[in-house]
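Number of protein chains: 2
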Amino acid sequence: MSRIATPEYRRCPVTGRWVILAPERALRPIQLQHADPHPRRDAAGKGLCPFCPGNEVMVPSEVYAVRDPGTEADRPGWQLRVVPNKFPAVKELSDSSPMAITPDGFSEAMIGFGRHEVVVETERHDSDPVSLSDDEFTRLLVAYRERLKELAKNPRFTFASVFKNVGAEAGASLAHLHSQIIALPLVPDAIRTELEAGNDYYRRERRCAYCDMIRYETESALRVVDDGQQFLTVCPFAPRFAYETWVLPKTHDSRYETATDADLLVLARQMKRLLTAMDAVLSGPAYNWYLHCGPLRAANMPYYHWHIEIAPKTARPAGFEWGSGCFINAVPPELAAVKLRAALK
Amino acid sequence: MSRIATPEYRRCPVTGRWVILAPERALRPIQLQHADPHPRRDAAGKGLCPFCPGNEVMVPSEVYAVRDPGTEADRPGWQLRVVPNKFPAVKELSDSSPMAITPDGFSEAMIGFGRHEVVVETERHDSDPVSLSDDEFTRLLVAYRERLKELAKNPRFTFASVFKNVGAEAGASLAHLHSQIIALPLVPDAIRTELEAGNDYYRRERRCAYCDMIRYETESALRVVDDGQQFLTVCPFAPRFAYETWVLPKTHDSRYETATDADLLVLARQMKRLLTAMDAVLSGPAYNWYLHCGPLRAANMPYYHWHIEIAPKTARPAGFEWGSGCFINAVPPELAAVKLRAALK
Numbered sequence: 036m037s038r039i040a041t042p043e044y045r046r047c048p049v050t051g052r053w054v055i056l057a058p059e060r061a062l063r064p065i066q067l068q069h070a071d072p073h074p075r076r077d078a079a080g081k082g083l084c085p086f087c088p089g090n091e092v093m094v095p096s097e098v099y100a101v102r103d104p105g106t107e108a109d110r111p112g113w114q115l116r117v118v119p120n121k122f123p124a125v126k127e128l129s130d131s132s133p134m135a136i137t138p139d140g141f142s143e144a145m146i147g148f149g150r151h152e153v154v155v156e157t158e159r160h161d162s163d164p165v166s167l168s169d170d171e172f173t174r175l176l177v178a179y180r181e182r183l184k185e186l187a188k189n190p191r192f193t194f195a196s197v198f199k200n201v202g203a204e205a206g207a208s209l210a211h212l213h214s215q216i217i218a219l220p221l222v223p224d225a226i227r228t229e230l231e232a233g234n235d236y237y238r239r240e241r242r243c244a245y246c247d248m249i250r251y252e253t254e255s256a257l258r259v260v261d262d263g264q265q266f267l268t269v270c271p272f273a274p275r276f277a278y279e280t281w282v283l284p285k286t287h288d289s290r291y292e293t294a295t296d297a298d299l300l301v302l303a304r305q306m307k308r309l310l311t312a313m314d315a316v317l318s319g320p321a322y323n324w325y326l327h328c329g330p331l332r333a334a335n336m337p338y339y340h341w342h343i344e345i346a347p348k349t350a351r352p353a354g355f356e357w358g359s360g361c362f363i364n365a366v367p368p369e370l371a372a373v374k375l376r377a378a379l380k
Numbered sequence: 036m037s038r039i040a041t042p043e044y045r046r047c048p049v050t051g052r053w054v055i056l057a058p059e060r061a062l063r064p065i066q067l068q069h070a071d072p073h074p075r076r077d078a079a080g081k082g083l084c085p086f087c088p089g090n091e092v093m094v095p096s097e098v099y100a101v102r103d104p105g106t107e108a109d110r111p112g113w114q115l116r117v118v119p120n121k122f123p124a125v126k127e128l129s130d131s132s133p134m135a136i137t138p139d140g141f142s143e144a145m146i147g148f149g150r151h152e153v154v155v156e157t158e159r160h161d162s163d164p165v166s167l168s169d170d171e172f173t174r175l176l177v178a179y180r181e182r183l184k185e186l187a188k189n190p191r192f193t194f195a196s197v198f199k200n201v202g203a204e205a206g207a208s209l210a211h212l213h214s215q216i217i218a219l220p221l222v223p224d225a226i227r228t229e230l231e232a233g234n235d236y237y238r239r240e241r242r243c244a245y246c247d248m249i250r251y252e253t254e255s256a257l258r259v260v261d262d263g264q265q266f267l268t269v270c271p272f273a274p275r276f277a278y279e280t281w282v283l284p285k286t287h288d289s290r291y292e293t294a295t296d297a298d299l300l301v302l303a304r305q306m307k308r309l310l311t312a313m314d315a316v317l318s319g320p321a322y323n324w325y326l327h328c329g330p331l332r333a334a335n336m337p338y339y340h341w342h343i344e345i346a347p348k349t350a351r352p353a354g355f356e357w358g359s360g361c362f363i364n365a366v367p368p369e370l371a372a373v374k375l376r377a378a379l380k
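Quick note, the sequences are listed as chains S and P, same order.
Here the working numbering = 1-based position in the first sequence + 35.
Here the working numbering = 1-based position in the second sequence + 35.
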C-alpha cells in the first residue's frame with residue numbers, strides 16, 4: 036500500500052466521515068482563474084482546451100458519444116462525448132484487487148476504487164449551460180441516464196454521483212461545458228442521510244417525504260419557481276445556499292434511470308428556464324448542480340425520490356459552517372422564489 | 036412571524052439538516068475583495084475599519100475588553116475587545132419570546148435566537164494572526180474561554196461556536212484581526228455527529244477516541260507536525276481539506292473552559308508555530324480555525340475531547356462535495372505533515 040501515490044477512501048476514526056484522498060487531482064490543469072472578473076471564461080481558449088474537437092488526443096478514449104454517422108471514435112464529428120477523467124479522483128482496478136486496506140487497528144481505509152468520467156456537453160467551446168439548445172440539453176440529460184445504466188452493470192459500483200460545476204467559484208477548473216460522474220463502491224454520506232431520513236419519514240407517515248413536499252409547496256406556492264405538469268421547480272424550505280433551487284419529478288420514482296427521452300426534454304426546458312432566470316437575477320453566477328437518486332440497481336424505493344439540486348455560489352462558507360455543519364444563508368427562499376419567478380421567461 | 040426580516044433556524048423536512056436564515060447578513064460591509072491578489076489585505080484601510088481604535092462608534096458596545104487602566108469602555112486604550120456583531124446571524128430576544136415557530140404541520144422552524152459576537156484581537160490594523168505576540172495570542176485564547184464562561188450563564192444557550200476566518204477565500208469580509216463566537220440554543224450537526232461518534236466509540240472501547248488518536252498518532256509519527264508536552268499538532272487521518280491540521284490537548288477534557296492561562300500560553304505558542312509553518316508552505320493561505328468543545332455547562336465528558344481544527348482553503352469544494360458530502364483532498368496528510376514539520380521553526 037502506498038499512501039501517497041494512489042487514491043484512497045479514508046474514514047475518520049473520530050467523526051466517522053469518509054473522504055477521498057486523490058493525489059493525482061493536484062496535477063490537473065486549472066484554466067479558470069479564481070480572480071477572473073467573469074467567473075466562467077477561461078484564458079486558454081480553444082487551442083489548449085482538452086474538450087474541443089481536434090484535441091481528442093488530450094483525454095482518454097471515449098466511452099459514450101453522440102456523433103455523426105460514419106465518424107470514428109476519438110475523432111471530430113461528435114456532439115457530446117463521455118471520456119474517463121484524465122486526473123481521476125478514483126480509479127478502476129482489476130477485479131482481483133483487494134478493496135479494504137487495514138493499515139492498523141484504529142483507522143479504516145479502502146483503495147480508491149471507482150470510475151471518474153467527464154461528459155463533454157457540446158463540441159462548441161462554450162461555458163454557459165443556457166447556450167445549449169433544448170435538444171443539446173436533453174442529450175446531456177439522456178447521457179446521464181445512459182451512463183448510470185452502464186455503470187450499474189459493474190456490481191462493485193454502489194452509487195454514481197452526477198454533478199456539474201459552472202464557474203471557478205463553484206470549483207470548475209475548465210470552461211468548456213462539461214459534467215462529471217463519479218461511480219463509487221459506497222453510498223456517500225449526503226445520500227445516506229437522505230435515504231435514512233426518507234426512510235424514517237416513510238415509516239412514520241407511510242408517504243414519501245418528497246411527494247409530501249411537492250404537495251405542500253404547490254399548495255402554499257410561497258417557494259414555487261416553476262410549476263410544470265411533470266416537474267416542480269422550488270426553493271427548498273431550509274436551503275444551505277442563497278437561491279438554492281430543486282427540480283423534482285411530480286411522479287414518484289427513486290430512479291433517474293427510468294426517465295424517458297420525452298420526460299428529459301421537458302426537464303431540459305424547465306432547467307433552462309430556471310438557469311436563465313438565475314443568470315438574470317444573479318448576473319451569471321457560478322453554480323453547481325447535482326443529481327440525487329437512489330443507489331445503482333436499486334428498485335423503486337417508496338421513501339426516496341430523485342431530484343436535481345441547483346446551488347449558486349454567491350457567498351463562501353466560513354469557519355462557522357465548516358466547524359458547525361450549520362449553514363448561514365442571507366436570502367430566505369421565499370424571497371429567492373419571488374425574484375426567480377419574476378425573471379422566468 | 037415575518038419570514039423575511041428576522042433570523043430563523045429552519046430544519047429541512049426531507050434531510051433533517053438545520054440552517055440559519057439571516058437576512059441582515061446581506062447588509063454587512065465586504066472590505067476584502069474576492070479577486071484581491073493578496074487574500075488578506077483590504078482596500079479600505081484603517082480609516083474605514085470598524086475594528087480600529089477611534090472607530091468604536093461603528094460597532095455595538097463592548098461586552099468584554101482588555102484595556103489600559105483608567106480608560107473608558109468603547110473608547111481607545113484597549114488591546115482586545117469583544118463586541119456584539121453589528122450584522123448578526125442570530126439575535127438575542129427577551130426571555131418571553133416564543134422559541135418555536137410552527138408555520139404548518141410539515142416544516143420545522145425556530146426564531147433565530149442566539150448571540151453573535153466579534154473578538155477584535157488587537158488594536159493594530161493587522162490581518163495576519165502570526166503578527167500577534169505570544170501574549171496577544173494568549174489573550175485571544177483567554178478571551179474565548181471567558182466568553183464561553185459568560186455565555187454559559189444564559190440557560191437558553193446550549194452551544195457556542197468559536198471560529199476565525201482568515202482571508203476572503205475562507206469567508207472573511209474584514210481584514211482587521213478578529214474571531215467570532217455564535218451562541219446557539221441547539222448543538223449544531225457537526226458537533227452532534229462528533230458527540231455521537233465519540234459516545235459510540237466509548238461504549239465499544241471504554242476509552243476516548245481522541246485520547247486513542249493521540250496515542251496512535253504519536254506512536255506512528257506519520258502525521259505528527261509538532262509533538263509538545265501538553266498539546267499535539269497533527270494532520271488527521273482523513274482530512275477534508277489539504278493541510279488540515281488539528282491541535283489537541285494531551286490531557287483529556289471535553290471543556291475548553293478549564294484551560295488555565297498557563298495552558299493557553301503554551302497553546303498560543305504551538306498554534307503560532309503551526310501557522311508560521313503553514314504560511315511558509317502555502318505562501319500565506321486563507322484558512323479557518325474552529326474550536327470544537329462540549330456543550331455549554333456540560334461536565335467533563337469521558338467520550339469527548341476539545342480541540343482546535345485549522346483548515347486552509349486552497350481548493351474550492353465543487354458539485355461532488357456539495358452533492359455527496361464526501362470531500363476529495365489532493366494532499367495526503369502524511370505529505371502535509373512532512374512539509375509542515377520541515378517548515379516548523
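Just so it is clear, CB atoms sit at the ideal spot from N, CA and C, and this is done for glycine as well.
From a predicted model like this one, the values you see are computed outputs, not experimental measurements.
Helix, strand or coil for residue i per DSSP?
i	result
residue 305/P	helix
residue 199/P	strand
residue 115/S	strand
residue 94/S	coil
residue 177/P	helix
residue 100/P	strand
residue 172/S	helix
residue 214/P	strand
residue 234/S	helix
residue 298/S	helix
residue 124/P	coil
residue 165/S	helix
residue 144/P	strand
residue 150/P	strand
residue 373/S	helix
residue 39/S	Reliability of the predicted coordinates at residue 39/S is poor, the pLDDT of 46 falling under 50, and the value obtained from them is presented with this limitation in mind. In the structure shown, residue 39/S sits in coil (DSSP, three-state: anything other than H, G, I, E or B).
residue 247/P	helix
residue 52/S	coil
residue 278/S	coil
Out of curiosity, what's the CA-to-CA distance linking residue i and residue j?
i	j	result
residue 93/S	residue 43/P	50 Å
residue 107/P	residue 87/P	16 Å
residue 311/S	residue 212/P	40 Å
residue 329/P	residue 288/P	9 Å
residue 163/P	residue 239/S	52 Å
residue 195/P	residue 303/P	21 Å
residue 180/P	residue 49/S	24 Å
residue 331/P	residue 95/S	54 Å
residue 306/S	residue 300/S	10 Å
residue 281/P	residue 222/S	27 Å
residue 251/P	residue 141/S	8 Å
residue 168/S	residue 224/S	35 Å
Residues in its own chain within less than 7 Å of residue i by CB, not counting five upstream and five downstream?
i	result
residue 368/P	258, 270, 271, 272, 274
residue 249/P	267, 283, 285
residue 380/S	308, 311
residue 200/S	206, 207, 323
residue 97/P	108, 109, 116, 117, 118
Residues in the same chain with beta-carbon distance under 6 Å from residue i, minus the five sequence neighbours each way, listed in chain order, please.
i	result
residue 362/P	275, 356
residue 112/P	102, 103, 106
residue 216/S	152, 182, 195, 197
residue 376/S	260
residue 150/S	127, 218
residue 46/S	53, 143
Residue j and residue i - do their beta-carbons sit closer together than 8 Å?
i	j	result
residue 277/S	residue 124/S	no
residue 243/P	residue 352/P	no
residue 203/S	residue 315/S	no
residue 154/P	residue 175/P	yes
residue 291/P	residue 341/P	yes
Using a Cβ-Cβ cutoff of less than 8 Å, which residues in the same chain neighbour residue i once the five nearest sequence positions on both sides are dropped?
i	result
residue 136/P	36, 43, 144, 145, 146
Can you give, in chain order, each stretch of the alpha helix (DSSP H) that sits fully within the segment 311–361 of chain P and has at least 4 residues?
-> 354–359
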